[in-house]
Each structure stands twice: as structure tokens, then as C-alpha cells.
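Taking it in order: structure first as C-alpha cells, then the write-up.
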Amino acid sequence: MITFEHVTKTFDTLKVLDDLNLEVADNQIVAVVGPSGVGKTTILKLITGIILPDEGRVAVAEGAVGYVFQEPRLLPWRTALDNVAAPLRAQRMDKMGARKVAARWLARVGLQGFERYYPAELSGGMAQRVSIARAFAAEPRILLMDEPFSNVDVALKGSLIAILQTIIKERDATVVYVTHELTEALRLADRILELTPDHRLRELDLSDRSAVAREWLAATLGSLEA
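Start counting the sequence shown at 0; every next residue gets the next number (numbering that gives the first Met the number 0).
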């Protein structure tokens with residue numbers, strides 16, 4: 000489904016990825032974790048083809064790609080309904096059909112009754128739910144998520160993750176989920192890959208997820224004390 004072979008990417012003089020190899024199978028949910036600035040978002044951009052590798056090869060199976068960003072990135076002059084319908088209209092679906100699909104997806108993320116609201120009238124969490132509905136409405140074969148809950152509070156994050164879990168279980172989609180929060184990855188992912196500051200990619204052993212969480216917490220606290 001997604002293959003990286005010996006991929007290197009440098010921006011100016013800053014090497015972000017170095018000889019990276021990665022395989023993501025069909026219908027897998029793979030989380031990439033690590034601190035800010037290590038290249039997590041670069042991996043997503045390489046998958047979309049927004050940027051190209053300096054060395055190596057990126058291969059992605061054909062099919063629609065959905066993207067959920069850190070910020071909702073909604074069009075302020077369009078209602079929630081029309082923001083979700085926009086990619087469907089771009090695929091040449093008729094207006095009535097696109098709005099019907101959009102309304103169904105807004106209901107799925109708990110926003111029934113808010114179809115006619117504009118982004119400025121929505122809370123941050125509601126706007127992010129609109130962006131999730133927009134991504135799934137286009138029925139992507141591959142879904143890329145770039146720290147989608149980094150700007151919402153802890154209580155709301157839990158409910159958004161629960162919504163996302165339910166939807167993903169029902170969809171035949173391959174998901175690459177980028178985050179610096181291991182707890183999010185442990186709830187969502189089949190596999191977790193840690194991207195380190197020295198450009199190495201390490202797969203975590205998830206046979207005991209509680210142990211992984213304890214180890215990560217200890218390492219995080221240790222780095223703060225240092």
C-alpha cells in the first residue's frame with residue numbers, strides 16, 4: 000500500500016529523513032510518534048506527493064487520499080455542510096447528492112443540527128470534527144492525519160478519538176497517523192513507529208501496551224529532569 004525505500008529528505012542544510020525504510024500494509028493503522036521537528040509531517044507530505052524525496056523511492060497504491068490537518072482549515076465563507084461537500088463536488092458529484100453525503104457524515108461526528116453553521120460560529124473541537132467528516136466523506140483509500148487533536152483540550156480529545164476509532168473500524172482505509180502523544184497512538188494504532196532525532200525509525204513492541212506507556216512516560220520525565 001505505502002512503501003518508502005532508502006528515502007532521504009533535506010531542507011536547505013537540514014537533513015530531516017535519512018535512509019528511511021517503511022512499509023504500511025493495506026488497512027493498517029500506523030502511528031508515527033516523536034518530538035516536533037523530526038520529520039513526521041514530512042513523511043505525510045511525501046506520501047501525498049506534495050514533496051519528493053532527494054534520494055530513494057516512495058510508492059503509494061492508487062486511490063483517493065484524505066488528509067486531516069492540525070488545524071481544521073475550513074473555508075470561512077462556507078457552512079459546515081458545504082465544507083464537507085466541497086471535495087465531493089470537486090469529484091463532480093451533483094450538489095444535492097454531495098450535501099446528502101455531507102449531512103450524513105456530520106451526523107456521524109455528532110454535528111447533526113449544525114449543518115448551516117459557519118466556521119466562526121463553531122468551537123475548535125466542532126470545527127475539527129467537520130474536518131474529520133470532510134476527510135471521510137470522500138471515501139479515501141488512504142487517510143493521513145497530522146496531529147489532528149493537538150489544539151483541543153484533554154477532555155474533548157478523548158471524545159474525538161472515540162469517534163475516530165468507531166469510524167476507522169467501519170472503513171476499509173489505510174491510516175497513517177502522526178502525533179507526539181504516545182497515548183493517542185496506543186488507542187488508535189495497529190503499529191507504532193518512533194521517529195528519533197537522529198533520523199532512525201524504530202517499531203515499538205505492542206505486545207504489552209501498558210509497558211510501552213510506562214517506558215515512554217519514564218523517558219519523558221527523565222528528559223524533563225535533565
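Heads up, the beta-carbon is just placed ideally off N, CA and C, and yes, glycines get one too.
Does the count of Cβ pairs from the segment 208-215 and the segment 34-54 closer than 8 Å reach three?
-> Verdict: no, contact absent.
In this structure, does DSSP put Glu114 in helix, strand or coil?
-> DSSP places Glu114 in coil when its eight states are reduced to three.
According to DSSP, what are the bridge partners of Thr41?
-> None; Thr41 has no bridge partner.
Tell me whether the beta-carbon of Leu84 lies closer than 8 Å to the beta-carbon of Pro139.
-> Looking at the sequence provided, one finds Ala at residue 84 rather than Leu. No.
Would you check if the segment 139-148 and the segment 170-180 touch, i.e. whether three or more CB-CB distances between them fall below 8 Å?
-> Look at the beta carbons and you see the segment 170-180 touching the segment 139-148: at least three pairs across the two are nearer than 8 Å.
C-alpha gap between Lys168 and Tyr66, whole angstroms = If you take the alpha carbons of Lys168 and Tyr66, they lie about 18 Å apart.
Just the Cα atoms here: how many angstroms apart are Leu21 and Glu4?
-> Approximately 7 Å between the Cα atoms of the pair.
Per DSSP, which residues does Thr173 bridge with? Please list them.
-> In the DSSP output, where bridge partners are listed per residue, Thr173 has Ile141.
Note down the Cα distance separating Thr178 from Val32, rounded to an integer number of angstroms.
-> CA-CA distance, Thr178 to Val32, rounds to 5 Å.
Please report how far the alpha carbon of Thr47 lies from the alpha carbon of Ala30, in whole angstroms.
-> Looking at the two C-alpha atoms, the distance is approximately 16 Å.
Helix, strand or coil for Arg208 per DSSP?
-> If DSSP states are grouped into helix, strand and coil, Arg208 belongs with the helices.
Residues near Pro86 in its chain [Cβ-Cβ closer than 6 Å; skip 5 each side] | Once the five neighbours on either side are set aside, the close Cβ partners of Pro86 are Ala137.
What's the C-alpha gap between Arg201 and Ile28?
-> If you draw a straight line from the Cα of Arg201 to the Cα of Ile28, it comes to about 16 Å.
Beta-carbon proximity list for Leu231, same chain, < 7 Å, skipping 5 on both sides | Because residue 231 is not part of the residues shown, which for the chain are 0 to 225, the question remains open.
May I ask you to report which of helix, strand or coil DSSP gives Ala58?
-> In the structure shown, Ala58 sits in a strand (DSSP, three-state: E or B).
Using alpha carbons as the reference points, say which of Thr40, Thr2 and Ala79 lies closest to Gln111.
-> Nearest to Gln111 by alpha-carbon distance, out of Thr40, Thr2 and Ala79, is Ala79.
First and last residue of the uninterrupted alpha helix (DSSP H) at Ile131 | Its alpha helix (DSSP H) spans residues Gly123 to Ala136.
Proximal residues to Val129 (C-beta, below 8 Å), its chain only, five neighbours per side dropped = Excluding sequence neighbours, Val129 sits near Pro71, Leu73, Ala79, Asn82, Val83, Leu105, Val108, Leu110, Pro118 and Leu121.
Roughly how many whole angstroms lie between the Cα atoms of Pro34 and Val100?
-> Distance from the CA atom of Pro34 to the CA atom of Val100, rounded to whole angstroms, is 37 Å.
Just mark Lys14 as buried or exposed, buried being the case when its beta carbon has 16 or more other beta carbons within 10 Å.
-> Counting C-beta atoms within 10 angstroms of its own C-beta, Lys14 has fewer than 16 neighbours from the protein chains shown and is therefore classed as exposed.
Enumerate in chain order the residues of its own chain whose CB-to-CB distance from Arg190 is below 6 Å, with the five nearest sequence positions on each side excluded.
-> Excluding five sequence positions before and after Arg190, the CB atoms of its chain that fall closer than 6 Å to its own CB belong to Val29, given in chain order.
Decide if Lys39 is buried, meaning its Cβ has at least 16 other Cβ atoms within 10 Å, or exposed.
-> By the 16-neighbour rule on beta-carbons within 10 angstroms, Lys39 is buried.
Measure how close the beta-carbons of Arg103 and Lys94 come, nearest whole angstrom, since I'm counting them as under 8 Å.
-> Actually they are not in contact, since the Cβ atoms of Arg103 and Lys94 sit about 15 Å apart, beyond 8 Å.
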